[in-house]
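Asker:
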Amino acid sequence: MINKVQGGKNPLGSDRFLTAVTFRQIRYFVAVAETGKISTAAAMVGISASAVTEAVGELAAVSGIKLFERHPRGLALTYEGHRFLAHCRNILSAVESAGYALTRPNNDLAGTITLAVSITVGGYFLAPLLSRFRQRFPNVDVVIREAKRVDIEAGLLKGEFDLGLLLVSNLADRVNLASHTLVRSMRRLWLPPKHPLLKEDIITLADVAREPYVQLLIDDAEASTNSYWQAHKLRPNIVMRTESVEAVRSLIAFRNGVTILSDMMYRPWSLEGDRIEVREVAANIPTLNTGVAWAGDRPLSVPAHTFSEFCRIEYESGRLDGRRHMPIERE
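If you use our numbering, the sequence shown corresponds to residues 2 to 332, in order.
Take a look at the structure:
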């Protein structure tokens, strides 16, 4: 039933779509998209698998588009389904925020926080967290400063920044900086469709070493990559280095190489709309950890401490979900 409608424009029109679609359908669709399996999605939302299948099938019929492709490992979003997913997540976030506003009064906390963010975190992590914090604490002014990891560390120690939101797994000064990890993102192999490695049950780092490799450079990515390659006494066959994640996606989708990057950055489509597959590598590859850091030798201001605790609570409670930084297809 999920793939009953094969494509085309919305048969009901935008106005009737608004009256026909339900919050339940959207919620279940997002669960299936994030897990890639009906049974797992059903367990996540606490409902029967048949109810999830029916709701997502209804949504496909209402929207008039094919949302999923079936494959031996479960379900994968189509290009249109992936675009629709972004809007559905915004809907869920807006509803959650509305409920939060109704059930919790505005906090009287006021002040300013200077928050330094690295480019990766700023692009893939910051927006939903910052939006929810500002809704909860409207009188706290959060000033954002994008900087490289080395400059964030120096700025925290000098008192130029109150907090840093960055890849804490890359921190160099672990003596003078305190940190708290919010999300641990697995690193996996990105490769184009029909690549020979997709037929293998187990992919090793030695297998990857024989392939042309596209190396991302932002946020100490190459140094981090080198650390686990050296630990396995291997070296990637780098054919291009770039600071653009979109360039990496396009190069891989057009069969110019493979790469290993974190789930936080993964999206199954390039800008051109070509598919990018993802698989696990049978190797001890460390996770890429995103978190909050601050100078350990002085107390945080009340607004800064509140922001740090807010981040921790949001992720530990599941209101912001680390699974959203993971690929749609799973084992």
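Backbone N, C-alpha and C define an ideal beta-carbon position, used for all residues, glycine too.
The structure presented is a predicted model; accordingly, all values stated were derived computationally and were not measured.
Figure out for me which residue from Ile39, Ile153, Val259 and Asn257 has the closest Cα to the Cα of Ala77.
Answerer: As a position in the sequence shown, residue 77 is number 76, starting the count at 1. Nearest option by C-alpha distance: Ile39.
Asker: Using only CA atoms, which one of Phe308, Glu147, Tyr316 and Ile314 lies nearest to Pro139?
Answerer: Taking the sequence shown and counting its residues from 1, the one referred to as residue 139 is at position 138. When each option's Cα is compared against that of Pro139, the closest is Phe308.
Asker: Quick one, which of Leu158, Val259 and Phe30 has its alpha-carbon nearest His88's?
Answerer: For this step, residue 88 is matched to residue 87 along the sequence shown. Nearest option by C-alpha distance: Phe30.
Asker: Measure the CB-CB distance between Ala296 and Leu158 and report whether it falls below 8 Å.
Answerer: As a first step, residue 296 is located in the sequence shown; it is residue number 295 there, counting from the start. As a first step, residue 158 is located in the sequence shown; it is residue number 157 there, counting from the start. Yes.
Asker: Let me confirm a value: Pro304 is counted as buried when at least 16 other C-beta atoms fall within 10 Å, else exposed. Which label applies?
Answerer: Taking the sequence shown and counting its residues from 1, the one referred to as residue 304 is at position 303. Counting Cβ neighbours within 10 Å, Pro304 comes out buried, since at least 16 surround it.
Asker: Taking Gly112 and Val141 to be in contact with their CB atoms under 8 Å, please state how far apart those CB atoms are, rounded to whole angstroms.
Answerer: Locating residue 112 in the sequence shown gives position 111, where the first residue counts as 1. Locating residue 141 in the sequence shown gives position 140, where the first residue counts as 1. Sure, about 6 Å apart at Cβ, within 8 Å.
Asker: Identify every run of the alpha helix (DSSP H) within the segment 188-225, keeping only runs that are complete inside it and at least 4 residues long; order them along the chain.
Answerer: Runs of the alpha helix (DSSP H) inside the segment 188-225: 206-210.
Asker: Check this for me: beta carbons of Asp163 and Leu262, under 8 Å apart or not?
Answerer: Numbered from 1 along the sequence shown, position 162 holds the residue referred to as residue 163. Numbered from 1 along the sequence shown, position 261 holds the residue referred to as residue 262. Going by C-beta atoms, Asp163 is not nearer than 8 Å to Leu262.
Asker: At what residue ranges does the segment 57-138 contain a whole run of the beta strand (DSSP E), taking only runs of 3 or more?
Answerer: Within the segment 57-138, the complete beta strand (DSSP E) runs of at least 3 residues are 69-72, 75-78 and 112-118.
Asker: In terms of residue numbering, what span does the beta strand (DSSP E) encompassing Ser49 cover?
Answerer: The residue given as residue 49 occupies position 48 in the sequence shown. Note, Ser49: premise wrong, no beta strand (DSSP E); not H, not E.
Asker: In its own chain, which residues sit with a C-beta less than 7 Å from the C-beta of Arg256, not counting the 5 before and 5 after it?
Answerer: Counting from one through the sequence shown, the residue named residue 256 turns up at place 255. Counting only Cβ-Cβ distances below 7 Å, and skipping sequence neighbours, we find Pro193.
Asker: Report the rounded CA-to-CA distance for Glu247 versus Gly165, giving the unit in angstroms.
Answerer: As a first step, residue 247 must be located in the sequence shown, where it is residue number 246. As a first step, residue 165 must be located in the sequence shown, where it is residue number 164. Going from the Cα of Glu247 to the Cα of Gly165 covers about 25 Å.
Asker: Between the C-alpha atoms of Gly274 and Tyr80, what's the straight-line distance to the nearest angstrom?
Answerer: Counted from its first residue, the sequence shown places residue 274 at position 273. Counted from its first residue, the sequence shown places residue 80 at position 79. Those two C-alpha atoms are separated by around 7 Å.
Asker: Compare the C-alpha of Glu154 against each of Arg135, Asn177, Gly58 and Ser132 and name the closest.
Answerer: The count along the sequence shown starts at 1 and reaches residue 154 at position 153. Per the Cα distances, Asn177.
Asker: In whole angstroms, what separates the C-alpha of Ser49 from that of Ala173?
Answerer: Counting from 1 along the sequence shown, the entry for residue 49 is found at position 48. Counting from 1 along the sequence shown, the entry for residue 173 is found at position 172. Distance between the alpha carbons of Ser49 and Ala173 is about 47 Å.
Asker: Please state if the CB of Val249 and the CB of Leu190 are separated by a distance shorter than 8 Å.
Answerer: Looking up residue 190 in the sequence shown gives position 189. Looking up residue 249 in the sequence shown gives position 248. No, they are not a contact pair.
Asker: Between which two residues does the alpha helix (DSSP H) holding Ala148 run?
Answerer: Counted from its first residue, the sequence shown places residue 148 at position 147. Careful: Ala148 lies outside any alpha helix (DSSP H) and carries neither H nor E.
Asker: Helix, strand or coil: which one does DSSP assign to Asp152?
Answerer: Your numbering for residue 152 matches position 151 in the sequence shown. Helix, per DSSP.
Asker: Using a threshold of 8 Å, state whether the C-beta atoms of Val169 and Thr288 are closer than that.
Answerer: Within the sequence shown, residue 169 is the residue found at index 168, counting from 1. Within the sequence shown, residue 288 is the residue found at index 287, counting from 1. In this structure, Thr288 does not lie closer than 8 Å to Val169 by Cβ.
Asker: Please go through the same chain and pick out, in chain order, the residues whose beta-carbon is closer than 7 Å to the beta-carbon of Met45, but skip the five residues on each side of it.
Answerer: Numbered from 1 along the sequence shown, position 44 holds the residue referred to as residue 45. Closer than 7 Å at Cβ, skipping near neighbours: Ala32 and Thr36.
Asker: Measure the CB-CB distance between Val240 and Val209 and report whether it falls below 8 Å.
Answerer: In the sequence shown, counting from the first residue as 1, residue 240 sits at position 239. In the sequence shown, counting from the first residue as 1, residue 209 sits at position 208. Not in contact: Val240 and Val209 (Cβ atoms no closer than 8 Å).
Asker: DSSP on Val6, reduced to helix/strand/coil?
Answerer: As a working mapping, residue 6 is identified with position 5 in the sequence shown. Because Val6 sits at a pLDDT of 40, beneath the cut-off of 50, its placement in the model cannot be relied upon, and the following sentence gives the value as read from the coordinates. Coil at Val6, not helix or strand.
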